[in-house]
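A.B. asks: Take a look at the following structure, please.
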Amino acid sequence: MTEKTIYELSQPGRKGFTFPASDVPSSPLPKGFEREAVNLPELSELDVIRHFTNLSHLNHSVDGGFYPLGSCTMKYNPKINEVASRLPGFSQTHPLQPITSVQGNLYLMYQLQEWIQEISGFHKVSLTPAAGAHGELVGALIIKKYHEDNNETQRVKILIPDSAHGTNPATSSMSGFVVVPLPSDERGNVDLDALKSNCDETLAGLMLTNPNTLGLFDENVVEVIEMVHTAGGLVYGDGANLNALLGILRPGDVGFDIMHFNLHKTFSTPHGGGGPGSGPVGVSESLAEYLPGPIVTILDEGDEENPPFYGLYMPEKSIGRMKAFFGHFGVLVKAFTYIAMHGPDGLRDIGVKAVLNANYLMEKVKKDYFLPYDRICMHEFVVEGTWKDVPSVHALDISKRLIDYGFHPPTNYFPLIVHEALMVEPTETESKQTLDAFAAAMKAIAQEARENPELLTKAPHTAPIRRTDEVKAARDLVLCCWTPEIL
Amino acid sequence: MTEKTIYELSQPGRKGFTFPASDVPSSPLPKGFEREAVNLPELSELDVIRHFTNLSHLNHSVDGGFYPLGSCTMKYNPKINEVASRLPGFSQTHPLQPITSVQGNLYLMYQLQEWIQEISGFHKVSLTPAAGAHGELVGALIIKKYHEDNNETQRVKILIPDSAHGTNPATSSMSGFVVVPLPSDERGNVDLDALKSNCDETLAGLMLTNPNTLGLFDENVVEVIEMVHTAGGLVYGDGANLNALLGILRPGDVGFDIMHFNLHKTFSTPHGGGGPGSGPVGVSESLAEYLPGPIVTILDEGDEENPPFYGLYMPEKSIGRMKAFFGHFGVLVKAFTYIAMHGPDGLRDIGVKAVLNANYLMEKVKKDYFLPYDRICMHEFVVEGTWKDVPSVHALDISKRLIDYGFHPPTNYFPLIVHEALMVEPTETESKQTLDAFAAAMKAIAQEARENPELLTKAPHTAPIRRTDEVKAARDLVLCCWTPEIL
Amino acid sequence: MYTPHTPQEIEEMLRVIGLKSVEDLFDSVPQEYRFPDLNLPQGLTELEIAAELNEIAAANATSDEFISFLGAGAYNHYIPAAVDAILSRGEFYTAYTPYQPEVSQGTLQAIFEYQTLMTELTGMDISNASHYDGATATAEAANLAYHHFRGKRKKMLVARSVNPEYRETIRTYMTGLENVIVHGDEPLNPGEDQISKLLGMIDKETAIVIVQYPDFFGRIIDYTKVVEKAHEFGALVAFVFNPTALGILKPPGAFDADIAVGDGQPLGIPLSFGGPYLGIFTVKEQFVRKLAGRLVGETVDEDGKRAYVLTLTAREQHIRREKSTSNICTNQGLMALAAAVYLSVLGKSGFKQVANLCYQKAHYAAEQLSRLPGFEMAFPDAPFFHEFVLKIPMSVKEINDRLEEYWILGGYDLSQTYPEMENQMLVAVTEKMSKDDIDDFVAALAEVTHD
Amino acid sequence: MYTPHTPQEIEEMLRVIGLKSVEDLFDSVPQEYRFPDLNLPQGLTELEIAAELNEIAAANATSDEFISFLGAGAYNHYIPAAVDAILSRGEFYTAYTPYQPEVSQGTLQAIFEYQTLMTELTGMDISNASHYDGATATAEAANLAYHHFRGKRKKMLVARSVNPEYRETIRTYMTGLENVIVHGDEPLNPGEDQISKLLGMIDKETAIVIVQYPDFFGRIIDYTKVVEKAHEFGALVAFVFNPTALGILKPPGAFDADIAVGDGQPLGIPLSFGGPYLGIFTVKEQFVRKLAGRLVGETVDEDGKRAYVLTLTAREQHIRREKSTSNICTNQGLMALAAAVYLSVLGKSGFKQVANLCYQKAHYAAEQLSRLPGFEMAFPDAPFFHEFVLKIPMSVKEINDRLEEYWILGGYDLSQTYPEMENQMLVAVTEKMSKDDIDDFVAALAEVTHD
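Here it is, written out as structure tokens:
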């Protein structure tokens, strides 16, 4: 099953592609800057297609099977999305064209801003952030700039619950804040006492993931936000788990000040093997002018005969640009398509079914796996992937054994507050039959663990490769087809 | 690896797709014609995509690996072809639109007619036939009508060499001819004596595959055609093997009267798992008016400012329509693209490299497999898939064992004149590295046959399924997801 | 262009073969004809051909830009994005006929499912793996009947209301068979009725009666009596059906048809200027060994696992050679896959919905159009599906020329194939058309006929 | 829409959970905020949204319809059909970050190959698995420098000839870091030279010097002295490069750059109104443990078979949490795949050819344009790649407005970001443009400036 690399497939002198000969008089290349042809592989188009087709077969994907990777919301990506973003009217527009020539694009972005505002309850949305973590950074920088503008530069402390996403602490420190972790209480909520003791004049804000990475909705969310606000802090909501709240609750309504939205999770744009994502950010009214831009606005309302005329603006106190141009437009087209197709009822249906699926699966899985926080969950749940009577078996072994059953493993070892965590997010697009099959596999594995633990500890048995030597990878660092000798 | 059927995946009440509600007043359905909803499966879009994606993984394909299926010309299908036929300007045109509104389509078809004429040396081409066998039928019907028009209805005999394609006899009898087989001589050419003895006043024609299914060019082709013509017969050329002749020889030049062209072989349009093909037919000048139509023609030559104006016509003595509309237009677009990209030099390069690859591979394979006609071949060659010292091993076993090496088997047991035939056509798009790997596998299998014949007779070992029970399939006829009880 | 050989490799390969140059490979080709100069334009790069194709395609008017009321055998339906997502997978479209079941289960199972879907759709027992298109499938029906009676019944009765191009195709196919007579489709005399005419012609020489359902004019006709009389005389009956119509209409199987054929283009296949489409071919169980084309059957592999194979191949031309009754050796594989994916995506409810929408919108259009001064329905009493004939106050060509200014492609000009139907337009309406589109059409027609 | 649940299944699932209705699932959500009414348009079917999207897209002018001379960070190159054939495979685009190597070797090996291609292209030692775009990759370069010096060097020098949007992005990123000063990119004084200015500013406080190559004005500048002086003071140097240019130009590695970043959009990624693009991030070997973003490394599996994994993950934010230097947790996976396929298809000869064509055509355009009365090259002595600055006799906006009538999108108006560059147009020319296109542009400019 080992597929050669493109360099191993390369043959000197082979040509896969030719451009037309030059039709203009020749100009000499600039002296002193010449180089030999770049050492690229030399392949035929067939070589390339066969290589990458065969590589594709080594991947698990949503199109190929169940992908219950917790907190990643691996829902089905409708095929119409792919058609949408490839329409030449979208894909062939240059970002610096005169705005008169891209009114279609601007209209679409404006609508998407409005829709995300309506869905989330925030006052204003910027579509520019490139991914969830990028949106988080926006949020942290807004908190920073807001306090600076209010001459409260002593506010350097960001509170982060231990049930938050892993990026939150990194984002905070990247923004120059001091991170203070908050413990969870026995129901998985933020510990209110710990919160209270941190509500002082150094408090910049709280980064709250709700539902949190245990899949639990914080029952005290209103009180928590109130406490932070009273202390002069801002509350950032990590929107990575928004799928559970569509049509159920608008985070802006309960007082969140800032939130990013992962279009590649909640709004079905494909994950692409790790990107491109898209992480628009919404804020409350008082923070609207801090957003990164450009943002689409209506320059002329139009009338019965003429549609509105759209343009771009940079908010007055903006934290600045987060990237070139206007965000991941191709991804925005897909999210627009998805929201337009769902409408208010369809969106709520997503939230309801995501939560229904998670609870149904949790109910079945918890018979054989310890569920540390046993209450109604939202879109995902976390069980322990180990048993006292089989100490040799770990969460990782269960994960790898699931591969043999045709499933992608859940998220392993996260959140850190659950011992040997297995974090399962089924999403709303999976059927009861698939959930039943997964639950049956989990049950079978629990039995195998007792009867033949090697089935787990040596798993996977049917994947393209067996377990990998990660220590060697980090020690012998080979990061390209040939290891530079200097390493 | 067993994938459920769409009916096994179906759940009562599940909906995968919805149309807009009706926006017109309702009309009652006609009385007496009502039916219950058709018993179609009830699936989500994810169910459907996952099902067919997983099914696709059970196929060998050119995009996935070497496919040396003799006489099928499984060459690489350039990806630009797929883009071409999907351009909305092509795919969204209705065949009955006014010709003023489809001048682009007609121009493309006209060019393709002209180009195939130039490539093949025929006077006139009709693009309507849907596949090779369909084109063959056209040929046979033209022969019939031609003789009828000349009041030579006694010409009822079609000669078919034993090295011809399997469809030829069926085509002839479908057209009301009596089929007379012609033997091959020891060099694989048509036996001239046998031909001569059949050249009488009942001779309607000869169906000649050249290069024939042994991959050999008939060295006496000029003489053979001459003899048939002298006897008053017509010569039909089976164009299935035209790939070997591109830029090498124009069949029309050596006297062939009629020939079909497999666009899905020679001109790189994909085989589609068994269709759609496309089988345009070319004829000599005296037969031009017999072609099926419609054919594209220039109605107005135009001038410097105006392009020519294209239209359709039905030839005067046409054998008639072979299908609705004008042929497999979507396939024609791909063939047009391919020819336009190659030009005269590129086309000859195809012919040369196809023959080079076949001879190189033959040279390597013949060391371990008996080659009954040992001379320079054209695009393919045929060896015996058995050895006297291992009588238990058959051509089929070698084929199945090749699957374990990642290759599609060659054509088995055809042509009939070679004992345990393995017919190998590498095509010009495969690299020397692939040919070497195939030859190495063939060599290894020859050794395995001696050392461990079960490796062959029980093969394949790594395919999605093992060998199938074809007797049961024909005896217990299950042709749909549930066997009708009447069977 | 797509040949990977480097100069060095060519040298090495020639050395192995034992030749000096690639030209030497062609010594058996007559020298005077060898290596002709082809008078073709020089090859284009991908960049150039892509630009040229865009230009050529732009010279057409498309059903996306125009509102089109053309049908007459090809229909402008919505194709869900999921269909092409599957069809564009290289594993499907770069595979060939599944001769080797061990590495072709994908194609085989998909066709097996297609066969199942077709039997459900038509109410027939057996479907083959498909033919080229509706016209050739219809011709193969006549061919089957001819061989069913071992050539002894020479009369093929075809209704005039069968698609004219299909009738032409039948005639072409029948020229290969001895003394076969195709008729029944002459113009009707004034007051003559198609059904009565056919009934009067059926006799013991009749091999098959071929009718269309809904017919070429869109009419839904009850062929019960035709089937009864045909069976009384031992003749076969073939229905040419529109698959979308079967979403709401009683299927051919329920009429006791022996054969049901049709074009599967409406099932997820683009208009594409007439092809490639899909020939659906279904029969009663008793004809299973007589039908032409591939069949996929279920069986087991050596481990007893379910598996699919091409079966009853002994019928086919590469085995029976001159004794086989048809020379067809491929099916329309990728198009059959399209239909299977289309019907799977739409499912039970979606398919009924699309059929009903076509019906409802066509009826609204007919209602509105027939109110225009000078316009009337040609068959006011006949129920119809999604197509109908409109008598109009001038020539169809003239009207259609004027409609182009309104970005409308008018209906099919019946006088092209039915000389007796001057000034009659065959109008098709599908689910893609909104009420507004229809109203625009009505308004445009009012304007252009008012001038 | 895409939820598969049937009413019966919902019942069964609720019974297993022990609830009466799905509403009961949300008891922990504050009641007063639960189930808000969303003021959104009702959902559309696929047929409807497809039509609406076509309409929206049609409201744009595209680079297929217009001849476009816009560049300035995004370039209109030809994308071989093979690229999207691979990118549209569900196995790639519906997979996620390859956390589980056993079922992600496809993505992992593709990225490993991407990393290799990027090191070959840039002449650098190490490439990561990609960043969001060129701007963020540049900002991450500054971030790396900041952390490399443990926050002790606060001065980030950026040339004014670096893409203005990249400079803005650096500034935004730097606001999170204490007392960092970004400068060097103030408008030049008359007669002042960018290189001299930078040379004059480099000191022992300088963490990094960031230059662009070719620069934002298309100029090919020799930064040898900048690198020497920076290294003399222990500072790092980052090159912001255009990948196409590296097809014919000496790479950043050859200038001894420490970091080379750029936007990979020209490598097979559609313009798509500005994104998603591809941030290329490459470094010298010594920074391998300091660069942000994913890295794929080669290793073996338990059977000793070659395998790929995400490696050095200990650097990443989900392990190091607040101690990590960047929060980036995805890469731009599918875009990196696009670049890998693009470079594999073009190969050694094709990539050189495209770079050379861009160069030649741009030079022809510059030659022709600068001959027009009132037009001149802004930097007549500077070598340039495929973009150049043209001084024109009126405002760029005015000219561009008039060019639209000629189906031409004129070059970028530099006065938008460089107030000192009134009436100066940045013109980009790629291989997609023919001599005729360029001549048309010249003729159109002659006409619109002649009026």
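Chains as they are written, first to last, in our numbering: chain Z, 1 to 487; chain W, 1001 to 1487; chain A, 2001 to 2451; chain L, 3001 to 3451. C-beta: ideal position from N, C-alpha, C; glycine also. From a predicted model like this one, the values you see are computed outputs, not experimental measurements.
1) What would DSSP say about asparagine 198 of chain Z, mapped onto helix, strand or coil?
2) Taking the alpha-carbon positions, what's the methionine 1442 of chain W to proline 41 of chain Z distance?
3) Can you find the residues in the same chain that come closer than 7 Å, C-beta to C-beta, to glycine 406 of chain Z, ignoring five residues on each side of it along the sequence?
4) Only counting the same chain, and skipping five residues up and downstream in sequence, which positions put a Cβ closer than 6 Å to that of alanine 3230 of chain L?
5) Which residues in chain A sit within 8 Å of phenylalanine 19 of chain Z, going by Cβ to Cβ distance?
6) At what residue ranges does the segment 2330-2398 of chain A contain a whole run of the alpha helix (DSSP H), taking only runs of 4 or more?
7) At a CB-CB cut-off below 9 Å, which residues of chain L make contact with arginine 1155 of chain W?
8) For a contact defined as C-beta to C-beta under 8 Å, what are the partners of glutamine 2008 of chain A on chain Z?
9) So, with DSSP's three-state summary, where would you put glycine 2264 of chain A?
10) Measure from the alpha carbon of leucine 2278 of chain A to the alpha carbon of each residue in A:Gly2176, A:Glu2431, A:Thr2325 and A:Thr2330, then state which is nearest.
11) So if I threshold CB-CB distances at 9 Å, which residues from the segment 373-407 of chain Z count as touching chain A?
12) Note the first and the last residue of the continuous beta strand (DSSP E) segment covering serine 1126 of chain W.
13) Specify the secondary structure class of glycine 1343 of chain W as computed by DSSP and reduced to three states.
14) With a cut-off of 9 Å, does the C-beta of threonine 3003 of chain L fall near any C-beta of chain W?
15) Judging by CA-CA distance, which residue of L:His3386, L:Ala3135, L:Thr3116 and L:Ser3415 is the nearest neighbour of proline 3187 of chain L?
16) Tell me, to the nearest whole angstrom, how far the beta carbon of threonine 3116 of chain L is from that of phenylalanine 3092 of chain L; I am working on the premise that it is less than 8 Å.
17) With a threshold of 8 Å on Cβ separation, who are the neighbours of glycine 13 of chain Z within its own chain once the five nearest residues in sequence on each side are excluded?
18) Given that alanine 2081 of chain A touches chain L, what residues does it touch there, using C-beta distances under 9 Å?
19) So, is the C-beta of proline 1085 of chain W closer than 9 Å to a C-beta in chain L?
20) List, in chain order, every chain Z residue whose beta-carbon is nearer than 7 Å to that of alanine 2058 of chain A.
21) In chain order, what are the residue ranges of uninterrupted beta strand (DSSP E) at least 3 long that sit wholly in the segment 1093-1173 of chain W?
22) Measuring alpha carbon to alpha carbon, tell me which residue in L:Asp3436, L:Phe3281 and L:Asn3423 is nearest isoleucine 3408 of chain L.
23) For proline 181 of chain Z, list the residues DSSP reports as bridge partners.
24) Grab the span of the alpha helix (DSSP H) containing glutamine 2194 of chain A for me, first residue to last.
25) I'd like to know if the segment 2399-2408 of chain A and the segment 2035-2051 of chain A are in contact, where contact means that at least 3 CB-CB pairs between them fall below 8 Å.
26) On a CA-only basis, which of W:Thr1230, W:Met1423, W:Gly1302 and W:Ala1131 is nearest asparagine 1262 of chain W? Give me that one, please.
27) Mind listing, in chain order, the continuous beta strand (DSSP E) runs of no fewer than 3 residues lying wholly within the segment 3110-3173 of chain L?
28) Verify whether the separation of the beta carbon atoms of histidine 1094 of chain W and leucine 2246 of chain A is less than 9 Å.
29) Where serine 1120 of chain W and histidine 1260 of chain W are concerned, what is the direct C-alpha to C-alpha distance, given to the nearest angstrom?
30) Considering only the alpha carbon of each residue, which of W:Asn1243, W:Ala1288 and W:Phe1329 lies closest to proline 2276 of chain A?
31) Using 9 Å as the limit for Cβ to Cβ distance, is glutamate 2422 of chain A near chain W?
32) Please tell me whether tyrosine 3078 of chain L has its Cβ less than 9 Å away from any Cβ of chain A.
33) Looking at the C-beta of isoleucine 486 of chain Z, does it have a partner C-beta in chain W at a distance below 9 Å?
C.D. replies: According to the structure shown:
1) If DSSP states are grouped into helix, strand and coil, asparagine 198 of chain Z belongs with the helices.
2) Each residue's alpha carbon lies about 29 Å from the other.
3) Residues Gly65 of the same chain have their beta carbon placed closer than 7 Å to that of glycine 406 of chain Z, with the five preceding and five following residues left out of the count.
4) These residues qualify, in order along the chain: Ile3202, Val3209 and Val3237.
5) Residues of chain A whose Cβ lies closer than 8 Å to the Cβ of phenylalanine 19 of chain Z are, in chain order, Thr2045 and Leu2047.
6) List check, alpha helix (DSSP H) in window: 2333-2369.
7) For the C-beta of arginine 1155 of chain W, not a single chain L residue is nearer than 9 Å; the gap to the nearest is close to 49 Å.
8) Pro12 and Gly13, listed in chain order.
9) In the structure shown, glycine 2264 of chain A adopts coil according to DSSP, grouped into three states.
10) Comparing Cα-Cα distances from leucine 2278 of chain A to each of A:Gly2176, A:Glu2431, A:Thr2325 and A:Thr2330, the minimum goes to A:Thr2330.
11) So nothing in the stretch comes that close.
12) 1124-1126 is the span of the beta strand (DSSP E), which, as asked, contains serine 1126 of chain W.
13) Helix, per DSSP.
14) Closer than 9 Å: yes.
15) Of the listed residues, the one whose Cα sits closest to proline 3187 of chain L is L:Ser3415.
16) Threonine 3116 of chain L to phenylalanine 3092 of chain L, Cβ: 18 Å. No contact.
17) Excluding residues within five positions, the ones whose Cβ falls inside 8 Å are Glu42.
18) The answer, in chain order, is Glu3046 and Ala3050.
19) With the sequence shown as reference, residue 1085 of chain W is identified as serine, and proline is not the correct amino acid for it. So, not an interface residue.
20) Under a criterion of Cβ atoms nearer than 7 Å, no residue of chain Z is adjacent to alanine 2058 of chain A; the nearest Cβ is some 12 Å distant.
21) Those beta strand (DSSP E) runs which fall completely within the segment 1093-1173 of chain W and span 3+ residues are 1124-1126 and 1157-1161.
22) Considering only alpha carbons, the answer is L:Asp3436.
23) DSSP output for proline 181 of chain Z lists Z:Ile160 as bridge partner(s).
24) First-last of the alpha helix (DSSP H) with glutamine 2194 of chain A: 2194-2201.
25) No contact exists between the segment 2399-2408 of chain A and the segment 2035-2051 of chain A.
26) Ranking the options by Cα distance to asparagine 1262 of chain W, first place goes to W:Ala1131.
27) Complete beta strand (DSSP E) runs here, min 3: 3155-3158.
28) Taking C-beta atoms as the reference points, histidine 1094 of chain W and leucine 2246 of chain A fail to come closer than 9 Å.
29) In this structure, the alpha-carbon of serine 1120 of chain W lies about 10 Å from that of histidine 1260 of chain W.
30) Comparing Cα-Cα distances from proline 2276 of chain A to each of W:Asn1243, W:Ala1288 and W:Phe1329, the minimum goes to W:Phe1329.
31) Cβ-Cβ to chain W under 9 Å: no for glutamate 2422 of chain A.
32) So yes, tyrosine 3078 of chain L belongs to the interface.
33) Model confidence at isoleucine 486 of chain Z stands at a pLDDT of 40, short of 50, so the residue's coordinates are unreliable; what they give is reported in the following sentence. Under the Cβ criterion of 9 Å, isoleucine 486 of chain Z is not counted among the residues facing chain W.
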